[in-house]
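Peer 1: Under this note's numbering, the first residue of the sequence shown carries the number 2, and numbering increases by one thereafter. To start, I am sharing the structure in question, which I have written as structure tokens.
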Amino acid sequence: QVHLVESGGGLVRPGGSLRLACAISGSIFSINAMGWRRQAPGKQRELVAAITSSGGTNYADSVKGRFTISRDNAKNTVYLQMNSLKDEDTAVYFCHADINGSTRYWGQGTQVTVSS
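Okay, structure coming up:
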């Protein structure tokens, strides 16, 4: 079994910062792409950022220049540094990882609320 556990969500004022982390544990032989998606109420889940095993990154246009995705392969962890947060960043954030080949696993989600 494989488990993804997110942490770091919470309530922050507009302009503030949060750092999300997603720790992966279990029967892991290899981790390929990792990433973050988010889902706001009444909206579809959307890509926020992704990172390949070699460190290549991809971001949604709405977060470019504000969010940074990174990974620590020794810790099997992916991070999302979120700066200059806006009201519209409010959502449940889910991490995902392609593990032991192409099987995609998901975390349970962590709430990020941006509000004054």
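Every residue, glycine too, gets a C-beta built ideally from N, C-alpha and C.
In whole angstroms, give me the CA-to-CA distance for Ser18 and Val64.
Peer 2: Straight-line Cα distance between these residues: approximately 13 angstroms.
Peer 1: When DSSP labels each residue in this structure, what does Asp99 get in the three-state scheme?
Peer 2: Three-state result, Asp99: strand.
Peer 1: Near Ala61, which residues of its chain fall below 8 angstroms by C-beta distance, leaving aside the five closest residues on each side in sequence?
Peer 2: Correct list, in chain order: Glu47, Leu48, Val49 and Ala50.
Peer 1: Going by beta carbon distance, what residues of the same chain come within less than 6 angstroms of Arg72, once the five residues before and after it are set aside?
Peer 2: If we look at Arg72 and ignore the five residues flanking it on each side, its Cβ neighbours are Met35, Ile52 and Val79.
Peer 1: Out of Gly66, Gly11 and Ile100, state which residue places its alpha-carbon closest to the alpha-carbon of Ser31.
Peer 2: Ranking Gly66, Gly11 and Ile100 by Cα distance to Ser31 puts Ile100 first.
Peer 1: Count the other CB atoms, across all protein chains shown, that sit within 10 Å of the CB of His4; report buried if there are 16 or more and exposed otherwise.
Peer 2: Result: exposed.
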